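Remember, the working numbering sits 146 above the position in the sequence shown when you count from 1. C-beta: ideal position from N, C-alpha, C; glycine also. Remember, it's a predicted structure, so these values are computed and weren't measured experimentally.
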Amino acid sequence: MKIARGILLGLGAAAILFGAYVMVDTVKPKNIWGLVTWLIGAVIIHDGIISPAVVAISLAMRKRGRRVRPAVIGIIQGAIVVGSIFTLVVVPEIIRKAKGPKNVTVLPFDYANRLAILWAVIAVLAALAIVVYLRVVRRRAERDRIVRS
């Protein structure tokens, strides 16, 4: 396990260093501040909005009692995280499109509408995953009851 962790840490550090090299090599120095601003904003949004929302939803579901299985909470949390990350990526396009791009072919789509559709798809997929999980758990419980009988 220690070897695997060391390998993963090394790969992660190498990826970060490579990304930093590519950024410095390809991005103009005046544009790096825009990137830094975006990254700081992403951290603030993640730590100030997304993470507390996921924790609040998790706590609310756990207060409902033992009726909500931990795996169901995990599926819902995963869906929220995926949707939030997509939202974090798409919101700048929505804002830029609302301001009016200098070139209309750069942002040709209705990103707000597509983001809403994406959230609906994520909700449906999460619901399907929960249904499948609960069916599997129920079938295993029935099979175990039959085997014990």
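{"Asked": "Contact criterion: CB-CB distance below 8 Å. Does residue 263 meet it with respect to chain C?", "Found": "The structure shown has no chain C; it contains just one protein chain."}
{"Asked": "Could you compute how far the alpha carbon of residue 154 sits from the alpha carbon of residue 287?", "Found": "38 Å"}
{"Asked": "Report, in whole angstroms, the separation of the C-beta atoms of residue 223 and residue 204, which I expect to be a contact under 8 Å.", "Found": "6 Å"}
{"Asked": "Quick one: any contact between the stretch 251 to 269 and the stretch 229 to 239, if contact means 3 or more CB pairs under 8 Å?", "Found": "yes"}
{"Asked": "Shortest alpha-carbon distance to residue 278 belongs to which of 165, 181, 188 and 217?", "Found": "217"}
{"Asked": "According to the Cβ coordinates, are residue 257 and residue 236 closer than 8 Å?", "Found": "yes"}
{"Asked": "Within the same chain, show all residues whose beta-carbon is closer than 8 Å to that of residue 191, passing over the 5 residues directly before and after it, in chain order.", "Found": "234"}
{"Asked": "From the DSSP output, in three-state form, read off residue 148 for me.", "Found": "helix"}
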